[in-house]
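Step one of this worksheet: look at the structure below.
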């Protein structure tokens, strides 16, 4: 991992740790102040007609937020849902960076986007509300600085951990483990995403002394293959435990409620949505620490509606807009003071998902260079085909 990428991971972790339960329980005075400063105040410089084309992760720009944006600015936002970083990269490669004005790559994919040369730097002076964003997240995104500017701005952070059907199985914080996917009683009942489930296996096996620390896989190809050979052996042996692989936000929910899964390694957002709906599903960080990531906003080289793209960022970087995103998606905003505006259900879900020292134990995905992603795909394919 490069020094810049390592520093970005450290800064991102520091920012997330600042988002504590105490933050969630701040008083109504701060909430009222933040609401008054929300997206209803839109500067005349950004009031315009036109359109903007955006591709973001499912739930990041909910319908009510987009309706408010159009009402305030006159700009129509066309939002396409995104299911994976690979999908985004393939779309941008196929169109040579055209078709969208704003995209949402994950911070740890920095190395791949440098090689692609399909994004352009932001003009930070054109985003008047940027000072509403948590400074540590801004600093983390500075790892995406090349060719004269910063190509990534933070938007949302979240985690991947363990979720399960509470009517069919029980666990508690401190006991819950990434290895619980592979206990005998879960055979044929597990959902997961192939490559990140394998990463979970790597971290679990490292925690019990059967593999070197998983972080070492990012050093070079020799270390990676040594670790991933061990991961793949375990994964293939335990393939009968997998009920179904998920590939996006909505499939994770369907797998629990319709497709017979009891446990899974999933994102926080889908499981938290189900929790808030009263479904018998729980999401929680395991004792090894939840995987964590920071998604951002970038402008492709082929963007056509540039003023409208800046208007969108200026609008969504407010506490009110951030709260709308959190309530709708179950993920977490990079904007300051959002917690003050959350409903009680969202606050309770956050506390239940990250009890005790869970926030201090988040495991941030390291920077992932192109060579790593390519080799990982080989191992993933072996697991899927087994």
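Numbering (our numbering), first residue to last: 18 to 403. Every residue, glycine too, gets a C-beta built ideally from N, C-alpha and C.
- Residue 276 is positioned such that its CB atom lies closer than 8 Å to that of residue 261.
- In this structure, residue 124 places its C-beta atom within 8 Å of the C-beta atom of residue 311.
- Residue 228 is positioned such that its CB atom lies no closer than 8 Å to that of residue 307.
- Beta-bridge partners of residue 397 (DSSP): none assigned.
- Ranked by Cα distance from residue 204, the first of 72, 122, 281 is 281.
- Counted as a single uninterrupted DSSP element, the alpha helix (DSSP H) harbouring residue 253 occupies residues 238-254.
- With a contact defined as Cβ atoms closer than 8 Å, residue 253 and residue 403 qualify at about 4 Å.
- Residues 158, 161, 313, 315 of the same chain have their beta carbon placed closer than 6 Å to that of residue 169, with the five preceding and five following residues left out of the count.
- When Cβ pairs closer than 8 Å are counted between the two stretches, the stretch 168-188 is seen to touch the stretch 348-358, the count reaching three or more.
- Distance between residue 285 and residue 371, taken at the CA atoms: about 10 Å.
- Burial state of residue 376 is buried, judged by a 10 Å Cβ sphere holding 16 or more other Cβ atoms.
- The beta-bridge partner set that DSSP reports for residue 349 consists of 174.
- Within the model, the alpha-carbon separation for residue 69 versus residue 322 is close to 6 Å.
- Closest option to residue 246, judged by alpha-carbon separation, among 258, 266, 222: 222.
- It is roughly 25 Å from the alpha-carbon of residue 136 to the alpha-carbon of residue 87.
- Residue 293 is not a Cβ neighbour of residue 356, given a cutoff of 8 Å.
- The residue among 369, 359, 334 with its C-alpha nearest the C-alpha of residue 154 is 334.
- Secondary structure at residue 166: strand, using DSSP grouped into helix, strand and coil.
- Beta bridge pairing from DSSP links residue 96 with 71.
- Look at the beta carbons and you see the stretch 391-398 touching the stretch 208-218: at least three pairs across the two are nearer than 8 Å.
- Beta-bridge annotation (DSSP): residue 114 is not paired with any residue.
- Around residue 78, the same chain offers 96 as residues with beta carbons nearer than 6 Å, after the five sequence neighbours per side are excluded.
- Here the alpha carbon of residue 390 sits roughly 10 Å from the alpha carbon of residue 128.
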